[in-house]
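Engineer: Got a structure for you, written out below as structure tokens; questions coming shortly.
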Amino acid sequence: MTRFLLSPVLIALALPFAVAAEPAFLQTEKHALKIETVAKGLAHPWGLAFLPDGRLLVTERDGQLRYVTAGKLSAPITGLPPIAVGGQGGLLDVLLDKDFASNQKIYLSYAEPGADDTNSTAVLQATLAGETLKDTQVVFSQQPKVNSKYHFGGRLVQQADGNLFVTLGDRGSRREDVQPLTTHVGKVVRITSKGEAAAGNPFTTKADAKKELWSFGHRNIQGATLDNSGRLWTHEHGPQGGDEINITKAGLNYGWPLITYGEEYGGGVIGKTTAAGLEQPLHYWVPSIAPSGMAFYQGTMLNGWQQSLLVGSLKFGQLVRLEIKDDKVSHEERIRIGSRIRDVKVHPDGSVYLLTDEDNGAILRITPMK
């Protein structure tokens, strides 16, 4: 386990860098980078996917799904379900099915409205048919629904066999529901493309447990990706301090709210930092960086970043590059972008795409300067 404490020296060196000029340039440890704005005018973009024809598919938290073609935003794609927009809720992640080229299937995570102003995280499967969605089916709905606008989680990751990981937050006010296996609150679930509990899930034979559960004891996971071995890596928001990175394994308890390296907002102890039977984070940050979006770099365009873990920072407006050795963080580099980073994706050509979480949000593309 490693931790990162931000020193005054590092704060002083993290000079503001705003993407204003076209393009902008930035020197980093391994590369001189060119940062271009691919598109702008997005209302708090949240999730991004690369279509085989070269277009982009992007979600806006306010409830729109759009194509991006040569920097131009399409009209909103129709056919979306009712979405509870407010606070941190709305339309969240987007994922292409592994067989998208033949079936045109996509998955969307979003805040699903319920009775009496309640809501929860849900997953929609749909066929992308031009300017509309068809064959829509809600394949997962977090239980219970609660009256909250916070901590939806919502990241989607697909395994090679087609099963889906879905990250689910503690909803901000439901800590008591995180440890019991009878709820989906503060959990990672693993489901089939039809929404059934995936074969091999760890709690399928445990009485009263939700069969979809993969892991538990999470606060609010907003970054998830697979490594070369197919293992699930996640990061989650701590409270005031204590953001974590974990290798998220079947059946394990990651401790929230019993253990954390953070504290209550405004001060105050939440729990211990360690306890028997509870997983320690692989890496954590004090103070929080507010992580969102995560990807392993496995391209060739930025050779110095090979196998680095790339993490967006909402709080500091940074792209955080972590070098991993023997499942430990051996080095951390912070690259100042100057905007809240919501998502991080590596394009098939090896460039890195970022989403900025703002009223006038943008899609940025990072390439080496030539």
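Residue numbers (the working numbering): 207 to 576. All C-beta atoms in this analysis are idealised placements derived from N, C-alpha and C, irrespective of residue type, glycine included. Note that the coordinates shown come from a computational prediction; the quantities given were computed from them, not determined experimentally.
Please report the straight-line C-alpha distance between Ala-290 and Ser-379, rounded to a whole angstrom.
Structural biologist: About 18 Å.
Engineer: With H, G and I counted as helix, E and B as strand and the rest as coil, what does DSSP make of Ala-227?
Structural biologist: Residue placement at Ala-227 cannot be trusted, given a pLDDT of 45 that sits under 50; the coordinates are not used to answer.
Engineer: With burial defined as no fewer than 16 other Cβ atoms inside 10 Å of the residue's Cβ, what is the status of Phe-231: buried or exposed?
Structural biologist: With fewer than 16 Cβ atoms within 10 Å of its Cβ, Phe-231 is classed as exposed.
Engineer: Taking the straight line between their C-alpha atoms, what separation do you get for Trp-491 and His-357?
Structural biologist: Roughly 19 Å between the two C-alpha positions.
Engineer: Using 8 Å as the threshold, is the segment 559-576 in touch with the segment 244-261, meaning 3 or more CB pairs across them?
Structural biologist: Yes, the segment 559-576 touches the segment 244-261.
Engineer: Kindly indicate the opening and closing residues of the beta strand (DSSP E) around Ala-501.
Structural biologist: Ala-501 -> beta strand (DSSP E) spans 497-502.
Engineer: What whole-angstrom Cβ distance do Gln-310 and Thr-333 have, given they're in contact under 8 Å?
Structural biologist: Sure, about 5 Å apart at Cβ, within 8 Å.
Engineer: Candidates Val-264, Asp-414, Val-535, Pro-493: which alpha carbon is nearest Tyr-471's?
Structural biologist: Answer by Cα proximity: Pro-493.
Engineer: Along the chain, where does the alpha helix (DSSP H) containing Ala-307 start, and where does it finish?
Structural biologist: Residues 306-309.
Engineer: Rounded to whole angstroms, how far is the Cβ of Thr-388 from the Cβ of Lys-416, which I believe are closer than 8 Å?
Structural biologist: Yes, they are in contact, since the Cβ atoms of Thr-388 and Lys-416 sit about 7 Å apart, within 8 Å.
Engineer: So, helix, strand or coil for Asp-322, using DSSP?
Structural biologist: Helix.
Engineer: Quick check on DSSP: helix, strand or coil for Asn-452?
Structural biologist: Here Asn-452 sits in strand by DSSP.
Engineer: Please say whether Asp-533 and Ile-453 have beta carbons closer to each other than 8 Å?
Structural biologist: It is a contact, given that the beta carbons lie within the stated cut-off.
Engineer: Can you give me the C-alpha to C-alpha distance between Trp-511 and Ser-354, rounded to a whole angstrom?
Structural biologist: Cα to Cα, the separation comes out at about 39 Å.
Engineer: May I ask you to report which of helix, strand or coil DSSP gives Arg-396?
Structural biologist: Strand at Arg-396.
Engineer: Is the CB of Arg-396 under 8 Å away from at least one CB in chain B?
Structural biologist: Of the protein chains in the structure, only one exists, and it is not chain B.
Engineer: Should Lys-278 be counted as a contact of the ligand ZN given a C-beta to heavy atom distance under 7 Å?
Structural biologist: In the structure on display, the ligand ZN does not appear, and there are no ligands present to speak of.
Engineer: Does Gln-483 pass the burial test, meaning 16 or more other C-beta atoms within 10 Å, or should it be called exposed?
Structural biologist: Here residue 483 is Gly; the residue named in the question, Gln, does not match the sequence. Exposed, by the Cβ-count rule.
Engineer: What does the Cβ neighbour count give for Ala-238, buried or exposed, with the cut at 16 atoms within 10 Å?
Structural biologist: So Ala-238 counts as exposed.
Engineer: Under a three-way DSSP split, which group does Trp-439 fall into?
Structural biologist: Here Trp-439 sits in strand by DSSP.
Engineer: What's the C-alpha gap between Ala-307 and Asn-509?
Structural biologist: Those two C-alpha atoms are separated by around 29 Å.
Engineer: What does DSSP give as the partner residue(s) for Ile-569 in the beta ladder?
Structural biologist: For Ile-569, which the question treats as bridged, DSSP gives the partners Ala-245, Leu-561.
Engineer: So, at 7 Å on beta carbons, what are the nonlocal neighbours of Lys-455 in its own chain, with the 5 sequence-adjacent residues on each side left out?
Structural biologist: Closer than 7 Å at Cβ, skipping near neighbours: Ser-421.
Engineer: Cβ atoms of Val-552 and Gly-505: under 8 Å apart, would you say?
Structural biologist: Yes, they are a contact pair.
Engineer: Taking just the CA atoms, how far does Val-395 sit from Leu-525?
Structural biologist: Between Leu-525 and Val-395, the C-alpha separation is close to 27 Å.
Engineer: For Pro-497, count neighbouring C-beta atoms within 10 Å of its own C-beta (all shown protein chains included) and say buried if the count is 16 or more, exposed if not.
Structural biologist: Its Cβ being crowded by 16 or more others within 10 Å, Pro-497 is buried.
Engineer: Can you say whether Thr-338 is buried or exposed, counting buried as having 16 or more other CB atoms within 10 angstroms of its CB?
Structural biologist: The residue in question, Thr-338, is exposed, as its Cβ has fewer than 16 Cβ neighbours within 10 Å.
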